[in-house]
Every structure is written in structure tokens, then in C-alpha cells.
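Below is one structure; the comments refer to it alone.
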Amino acid sequence: LANLGKKNKWKQCQTSTCASSCCTGCPMALTVTIGSNGICPESYALIKDAQVCKQTFRLGLTRGMDARYHGSESARWWPQGCYYCKGVSGCLDGTWFNQHSVGNPRNGVNVWCSKA
Numbered sequence: 433l434a435n436l437g438k439k440n441k442w443k444q445c446q447t448s449t450c451a452s453s454c455c456t457g458c459p460m461a462l463t464v465t466i467g468s469n470g471i472c473p474e475s476y477a478l479i480k481d482a483q484v485c486k487q488t489f490r491l492g493l494t495r496g497m498d499a500r501y502h503g504s505e506s507a508r509w510w511p512q513g514c515y516y517c518k519g520v521s522g523c524l525d526g527t528w529f530n531q532h533s534v535g536n537p538r539n540g541v542n543v544w545c546s547k548a
């Protein structure tokens with residue numbers, strides 16, 4: 433029942449038009465975009481949190497893209513943080529989270545970035 437209450441609160445906050453002070457305890461809305469070659473656009477930062485990466489996927493922010501979330505990995509040869517593959521050799525299409533401390537940009541692989 434506790435999870436149901438959290439879900440209802442989340443739905444309420446997502447549809448609410450009240451000021452942020454009214455909706456305490458609600459998750460903040462994500463503002464995300466895609467970066468390339470491991471670089472985010474100005475005023476955006478690489479998503480380095482697995483839960484935020486998964487939330488990006490779950491909220492349908494991948495609309496128009498391959499909507500599969502493949503989970504977490506730790507691989508130095510893929511970009512660090514939250515990234516997206518589509519038609520890239522050796523990478524299943526969809527969103528991934530790489531928890532490796534460094535990672536490497538790859539041609540054709542996009543990174544998910546959130547408003548800094």
C-alpha cells in the first residue's frame with residue numbers, strides 16, 4: 433500500500449499546476465536532451481545516476497526512439513553514464529547506464545543529459 437500511495441502522489445504531482453512549494457515531496461520534472469560524442473550541450477550535464485537514467489526511460493522521454501532500457505553495466509569501452517544506441521555495431525538498440533568511472537565516447541552513441 434505504501435508504494436500505491438507513492439504512485440498516486442507522483443501522478444498528482446505530474447498533473448498538478450500548483451507552485452513547487454505546494455507539491456512538496458514530489459519528484460522534480462526532468463529536462464533532458466541528447467548529447468553526442470560523450471559531450472552534453474551547454475547548460476546540460478551527463479546523467480550519472482542509474483535511477484535518473486531509468487526514470488528518463490520510464491517517463492517516455494525516449495519517445496520516437498527505441499524504447500528499451502537494458503539496465504546497468506560497467507564497461508570502459510562505452511560512454512560513462514546514461515547513453516543511447518541505435519544501429520551501433522556491438523550495442524543493442526535502446527538506453528543503457530554505464531557505471532564505469534571513466535568510459536569512452538563511441539561514434540554513433542548518444543549520451544543522455546539533464547538540465548544542470
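Under our numbering, the first residue of the sequence shown carries the number 433, and numbering increases by one thereafter.
We put the CB at the ideal spot given by N, CA and C, even for glycine.
CA nearest to the CA of residue i, picked from the options
{"i": "G526", "options": "V484, S475, C514, A477", "result": "C514"}
{"i": "S475", "options": "G467, A482, D481", "result": "G467"}
{"i": "S533", "options": "N469, C472, P473, D481", "result": "D481"}
{"i": "N530", "options": "L478, L462, N539, A499", "result": "L478"}
{"i": "W528", "options": "G540, V520, R500", "result": "R500"}
{"i": "G522", "options": "D498, V464, S504, V541", "result": "V541"}
{"i": "K518", "options": "T488, C485, W544, M497", "result": "M497"}
{"i": "S506", "options": "F489, N536, V484", "result": "N536"}
{"i": "R538", "options": "G470, V464, T465", "result": "G470"}
{"i": "V484", "options": "V543, V520, L462", "result": "L462"}
Beta bridge counterpart(s) of residue i as assigned by DSSP
{"i": "L478", "result": "C545"}
{"i": "K514", "result": "It is Cys, not Lys, that sits at residue 514 in the sequence shown. The partner list for C514 (beta bridge, DSSP) reads F529."}
{"i": "S504", "result": "F529"}
{"i": "S468", "result": "I471, N542"}
Environment of residue i [buried if 16+ CB atoms lie within 10 Å]
{"i": "S546", "result": "buried"}
{"i": "A548", "result": "exposed"}
{"i": "P511", "result": "buried"}
{"i": "S453", "result": "Residue confidence is low: S453 scores 46 on pLDDT, short of 50, so the model does not pin down where it sits. Its coordinate-derived value is still stated next. Answer is exposed; the Cβ neighbour count stays below 16."}
{"i": "W509", "result": "exposed"}
{"i": "T488", "result": "buried"}
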